Amino acid sequence: MRKIELTKRQEHILQIVQDNGPITGEHIAEQLNLTRATLRPDLAILTMAGYLDARPRVGYFYTGKSGTQLLTENLKNFLVKDYQSIPVVVNENVSVYDAICTMFLEDVGTLFVVDQNTLLVGVLSRKDLLRASIGKQELTSIPVNIIMTRMPNITMCEKEDLLIDIAQKLIDKQIDALPVVRKTDKGFEVIGRVTKTNIAKAFVALGNE
């Protein structure tokens, strides 16, 4: 939920509740010289947005939370599984040339490398492929398992992780994407990816609620 722009009446309602809470809707309406029915939509908006709390037969309370606090609380409800996208994977034996073609055709910045059992064994970034391209090496003869980042140096996440925590990992590690994995008896299966674009989409969705 975005930090909503309150109307002057809604700001007045908040001030009344802050000064007099707990206070019933009827008493708020009296102070504003309005009917309870006229006031009901404003109270509903303020309650759903988290600015007010309502208790039956008691009245309305001011939560004391700022728009920023409410925004943070809502961000903590976003899970990886709600915003992850389809991963782009390559086999560990494909050539660097083929990996570059795949990255270009799929328009991604990170490839996830799997073994013959489709388990995660490495990650390839644009920088990895760029470094491998410098010089006179024959890219069609170099397998990606030579240049990829290997386990256990791969930062991963799971579908139930908080999206805000993954955003922090992307910032801390200075990387573009994380694989979403499912743990098996033999290793980690790649079931998705979270990128900076996914994070941006989540913020847009939050702003549009």
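According to the working numbering, the sequence shown is numbered sequentially starting from 876. We put the CB at the ideal spot given by N, CA and C, even for glycine. Quick caveat, the model's predicted, so the values are computed rather than measured.
Asked: L1037 and N1073: beta carbons closer than 9 Å?; Found: no
Asked: Of all Cβ atoms in chain B, is any one closer than 9 Å to the Cβ of R1057?; Found: Annotation note: the requested chain B is absent from the structure, which comprises a single protein chain.
Asked: Hey, quick one: how far does the beta strand (DSSP E) through I1063 stretch, first residue to last?; Found: The sequence shown places Phe at residue 1063, rather than the Ile named in the question. Note, F1063: beta strand (DSSP E), F1063 to T1070.
Asked: Would you give the residue range spanned by the beta strand (DSSP E) that S1000 belongs to?; Found: L995 to S1000
Asked: Near A1077, which residues of its chain fall below 7 Å by C-beta distance, leaving aside the five closest residues on each side in sequence?; Found: F953, Y958 and L1038
Asked: What did DSSP end up calling F990 once you bin it into helix, strand or coil?; Found: Sequence inspection shows Asp at residue 990; the Phe mentioned does not correspond to that position. D990 falls in the coil class under three-state DSSP.
Asked: Compute the Euclidean distance between the alpha carbons of V933 and E886, then round it to the nearest angstrom.; Found: 21 Å
Asked: Can you tell me which of R1068, Q893, Q991 and P916 puts its alpha carbon nearest to the alpha carbon of K956?; Found: R1068
Asked: Exposed or buried, which one is V971 when buried takes at least 16 other CB atoms within 10 Å?; Found: buried
Asked: Checking 9 Å against the spacing of the C-beta atoms, do S1000 and I975 come in under that value?; Found: no
Asked: Just to confirm the assignment: which complete beta strand (DSSP E) runs, minimum length 3, are found wholly within the region 902 to 990?; Found: 927 to 930, 934 to 937, 964 to 966 and 985 to 989
Asked: For V964, collect the residues of the same chain with a Cβ closer than 8 Å to its Cβ; drop the 5 residues on either side in sequence, then sort them by chain order.; Found: L986, F987, V988, V989, T993 and V1065
Asked: To the nearest angstrom, how far is the alpha carbon of C1032 from that of I1041?; Found: 7 Å
Asked: Are the beta-carbon atoms of V892 and F936 separated by less than 9 Å?; Found: yes
Asked: How close, in whole Å, do the beta carbons of P1018 and E981 come, if the pair is a contact with beta carbons under 8 Å?; Found: With 8 Å as the limit, P1018 and E981 do not qualify as a contact, their Cβ atoms being about 19 Å apart.
Asked: Could you tell me the boundaries of the alpha helix (DSSP H) in which V892 lies?; Found: K883 to N895
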